[in-house]
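Just so you know, we're using our numbering here: the sequence shown kicks off at 20 and counts up by one. Beta carbons: idealized from backbone N, C-alpha and C, even for Gly. All values reported here derive from a predicted model rather than from experimental measurement.
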Amino acid sequence: MKNTFFTLLILFTSAAATAQISADSLIQQGIDLHDAGNYAAAIKKYEAAAKLQPDNQLINYEIALSYSTDHQHKQAIKYADKILKADQEYRLNAYLVKANSLDDLGKTKKATKTYEEALERLGEDYLLRFNLGLAQFRAGDREAAEANFILAIDDNFSHASSHFLLATIHADKGSRAQTAMAAYFFLLLEPESPRSEQGRSLLVNALAGGINKQEDGIQLNISTGSLAGGFAALDLILAMKQAKLKGMEELDGGEDQTDLERFVNTSTFLFESLEDEDGNGNIWYDFYAPFFGGVFANGHSEALIYFTLQGGNEDAAKWLEEHPEELEAFTKWLGEE
Numbered sequence: 020m021k022n023t024f025f026t027l028l029i030l031f032t033s034a035a036a037t038a039q040i041s042a043d044s045l046i047q048q049g050i051d052l053h054d055a056g057n058y059a060a061a062i063k064k065y066e067a068a069a070k071l072q073p074d075n076q077l078i079n080y081e082i083a084l085s086y087s088t089d090h091q092h093k094q095a096i097k098y099a100d101k102i103l104k105a106d107q108e109y110r111l112n113a114y115l116v117k118a119n120s121l122d123d124l125g126k127t128k129k130a131t132k133t134y135e136e137a138l139e140r141l142g143e144d145y146l147l148r149f150n151l152g153l154a155q156f157r158a159g160d161r162e163a164a165e166a167n168f169i170l171a172i173d174d175n176f177s178h179a180s181s182h183f184l185l186a187t188i189h190a191d192k193g194s195r196a197q198t199a200m201a202a203y204f205f206l207l208l209e210p211e212s213p214r215s216e217q218g219r220s221l222l223v224n225a226l227a228g229g230i231n232k233q234e235d236g237i238q239l240n241i242s243t244g245s246l247a248g249g250f251a252a253l254d255l256i257l258a259m260k261q262a263k264l265k266g267m268e269e270l271d272g273g274e275d276q277t278d279l280e281r282f283v284n285t286s287t288f289l290f291e292s293l294e295d296e297d298g299n300g301n302i303w304y305d306f307y308a309p310f311f312g313g314v315f316a317n318g319h320s321e322a323l324i325y326f327t328l329q330g331g332n333e334d335a336a337k338w339l340e341e342h343p344e345e346l347e348a349f350t351k352w353l354g355e356e
């Protein structure tokens with residue numbers, strides 16, 4: 020009898036292990052098919068795995084993700100809801116898939132409520148905050164979107180997309196300094212990604228745009244959005260600095276500079292201006308300003324500027340090649356911050 024019991028136990032354990040291995044193998048096959056863009060085949064693999072492990076919430080998540088990526092959003096929501104009903108693992112993933120699917124279906128209000136419910140149940144998370152902000156951004160509620168992008172950065176300062184969209188919002192407002200700060204930090208995180216060129220355009224336009232030469236002098240274009248922000252004075256000074264560097268005001272009598280040299284000068288001036296800014300409880304004064312002020316104070320302005328420009332400027336890439344020690348010192352300083 021005892022031997023029979025142990026034999027049955029071994030057989031049961033072996034069968035369970037085989038099912039586990041088979042399910043894991045099917046899940047991995049499904050993931051590989053999903054990554055290859057074959058979503059229908061991926062879902063079939065996941066469904067086969069679900070027959071072996073019907074309570075495995077990872078399988079439900081992978082099915083939901085494949086349906087969502089394949090724009091079958093109602094099916095994606097169905098499987099996301101299964102995870103949320105089980106109230107076990109992968110709830111964050113399920114909320115993200117469900118809310119994104121609702122947003123893509125044009126149900127922005129329901130998507131927003133889903134993100135808010137997730138934040139209430141799961142607590143602060145930068146992905147929830149960012150995606151909530153993204154839904155609001157798409158709906159045209161830039162003020163609410165900005166608030167959530169800032170909260171996402173508070174939770175994870177290395178989330179590049181939040182910096183990128185924060186820069187985009189302030190570029191639309193015409194806020195030079197704030198656009199430049201957010202764009203610079205985005206490019207520090209993503210100097211050579213597919214969207215880096217957009218980030219560089221935001222940055223260059225913020226620090227070099229909005230200046231027109233006329234017969235009787237110069238015109239500085241300062242937007243009402245800039246005047247309403249907390250950096251209105253700095254925005255005006257930056258515009259005047261750029262105008263002066265372009266030679267529109269005959270004050271220096273110096274030699275003409277290249278666009279890159281003027282940009283480096285203006286950026287360095289921005290960093291220097293931020294060195295002594297005091298914190299006042301918001302991200303601009305408590306996070307961005309101390310960071311860029313620290314860059315200037317520690318002699319890393321050029322390294323940061325050329326590092327962020329490298330993907331779209333041969334001279335910037337050349338500078339980095341010729342100054343490895345400066346780049347290494349900057350990298351070391353970043354690691355200590």
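{"Item": "Between which residues of its own chain and Leu64 is the CB-CB distance below 7 Å, once the five residues before and five after are set aside?", "Value": "Checking the sequence shown, residue 64 turns out to be Lys, not Leu. Taken in chain order, the residues that qualify are Leu45, Gln48, Gly49, Leu52."}
{"Item": "Mind the definition here: the stretch 93–103 touches the stretch 114–131 only if three or more C-beta pairs lie below 8 Å; say whether that holds.", "Value": "yes"}
{"Item": "For Gly312 versus Glu341, is the C-beta spacing smaller than 8 Å?", "Value": "no"}
{"Item": "Within 10 angstroms of the Cβ of Thr198, are there 16 or more other Cβ atoms? Answer buried if so, exposed if not.", "Value": "buried"}
{"Item": "The alpha helix (DSSP H) spanning Asp278 covers which residue range?", "Value": "278–293"}
{"Item": "For Ala137, I'd like the list of residues in its chain whose CB is within less than 6 Å of its CB, leaving aside the five on either flank, ordered along the chain.", "Value": "Tyr114, Leu147"}
{"Item": "Touching or not, the stretch 166–183 and the stretch 205–219, by the rule of three or more beta carbon pairs under 8 Å?", "Value": "yes"}
{"Item": "Under a Cβ-count criterion, where at least 16 other Cβ atoms within 10 Å of its own Cβ denotes burial, should Gln76 be classed as buried or exposed?", "Value": "buried"}
{"Item": "Enumerate in chain order the residues of its own chain whose CB-to-CB distance from Lys129 is below 6 Å, with the five nearest sequence positions on each side excluded.", "Value": "Leu121"}
{"Item": "Near Ala68, what residues of its chain come up, given a Cβ to Cβ distance below 6 Å and the 5 sequence neighbours on each side ignored?", "Value": "Ala42, Leu45, Ile46, Ile78"}
{"Item": "Just to confirm my understanding: we take Ile96, look at its own chain, exclude 5 residues before and 5 after, and list those with CB closer than 6 Å. What are they?", "Value": "Lys117, Ser120"}
{"Item": "If distances are taken between C-alpha atoms only, which option among Leu151, Asp123, Glu143 comes closest to Lys132?", "Value": "Leu151"}
{"Item": "Is Tyr109 helix, strand or coil when you go by DSSP?", "Value": "coil"}
{"Item": "If you draw a straight line from the alpha carbon of Ala348 to that of Ala322, how long is it in whole angstroms?", "Value": "9 Å"}
{"Item": "Ala186 to Leu339, Cα distance in whole Å?", "Value": "25 Å"}
{"Item": "Quick check: Ala202 and Asp254, are their CB atoms within less than 8 Å of each other?", "Value": "no"}
{"Item": "What whole-angstrom Cβ distance do Ala227 and Thr277 have, given they're in contact under 8 Å?", "Value": "Not really, about 12 Å apart at Cβ, beyond 8 Å."}
{"Item": "Going by DSSP, what residue range makes up the alpha helix (DSSP H) through Ser180?", "Value": "179–192"}
{"Item": "Output the distance between the C-alpha atoms of Glu269 and Val283, rounded to the nearest integer angstrom.", "Value": "Reliability fails at Glu269, whose pLDDT of 47 lies under 50, so the model's placement of it is uncertain and the value that follows must be treated cautiously. Between Glu269 and Val283, the C-alpha separation is close to 20 Å."}
{"Item": "Tell me where the alpha helix (DSSP H) around Lys128 begins and ends.", "Value": "127–141"}
{"Item": "For the alpha helix (DSSP H) containing Gly312, list its first residue and its last residue.", "Value": "308–316"}
{"Item": "Closest to Ser320 by CA distance: which of Gly331, Tyr98, Ala335 is it?", "Value": "Ala335"}
{"Item": "Can you have a look at Phe31 and say buried or exposed, based on whether 16 or more other CB atoms are within 10 angstroms of its CB?", "Value": "Interpretation of Phe31 is limited by its pLDDT of 45, a score under 50 that renders its predicted location unreliable; the figure taken from the coordinates is listed afterwards. By the neighbour-count rule (16 or more Cβ atoms within 10 Å), Phe31 is not buried but exposed."}
{"Item": "So for Phe149, helix, strand or coil by DSSP?", "Value": "helix"}
{"Item": "Asp144 by DSSP, collapsed to three states: which one?", "Value": "coil"}
{"Item": "Taking C-beta to C-beta, are Tyr145 and Ala171 nearer than 8 Å?", "Value": "yes"}
{"Item": "What does a CB cutoff of less than 6 Å around Thr127 pick up in its chain, not counting 5 residues either side in sequence?", "Value": "Ala154, Ala158"}
{"Item": "Under 8 Å, Cβ to Cβ, is there at least one residue of chain C near Asn57?", "Value": "Included in the structure is just one protein chain, with no chain C present."}
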